[in-house]
Amino acid sequence: MGQQYTVTLEAIKEWLDDDLSLQTLKNQYTLQQIYDLIDGKEDITDEDELYSALLDVMYATRPQGVL
Numbered sequence: 005m006g007q008q009y010t011v012t013l014e015a016i017k018e019w020l021d022d023d024l025s026l027q028t029l030k031n032q033y034t035l036q037q038i039y040d041l042i043d044g045k046e047d048i049t050d051e052d053e054l055y056s057a058l059l060d061v062m063y064a065t066r067p068q069g070v071l
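Per the working numbering, the sequence shown starts with residue 5, numbered consecutively.
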């Protein structure tokens with residue numbers, strides 16, 4: 005087994021800085037707020053899973069329109 009992957013504020017910041025699709029999240033929340041919104045941080049094993057978790061947070065927090 006390799007080293008355990010740990011979700012850090014720095015890892016989140018790197019994704020937010022590098023990926024334009026996450027700009028909405030970056031503009032609305034602080035790094036700590038985003039970190040706190042990620043479900044199952046302890047189950048994330050690599051950067052790709054962190055990216056998916058960040059997308060989940062973004063979709064979960066987007067404004068809901070009235071249908």
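Ideal Cβ placement from N, Cα and C applies to all residues, glycine included.
If we call anything under 8 Å between Cβ atoms a contact, is residue i one with residue j?
i          : j          : result
residue 38 : residue 11 : no
residue 26 : residue 58 : yes
residue 29 : residue 35 : no
residue 42 : residue 9  : no
Would you give the residue range spanned by the alpha helix (DSSP H) that residue i belongs to?
i          : result
residue 55 : 51-65
residue 16 : 13-22
Give the DSSP-derived three-state secondary structure of residue i in the structure shown.
i          : result
residue 46 : helix
residue 8  : coil
residue 68 : coil
residue 34 : coil
State yes or no: is the beta carbon of residue i nearer than 8 Å to at least one beta carbon in chain C?
i          : result
residue 16 : Protein chain content of the structure displayed is limited to a single chain, and chain C is not contained in it.
Can you list, in chain order, the residues of its chain with a C-beta nearer than 8 Å to that of residue i? Leave out the 5 residues immediately preceding and following it.
i         : result
residue 5 : Any reading at residue 5 is ruled out, since the residue's pLDDT is 45, under 50, leaving its predicted position unreliable.
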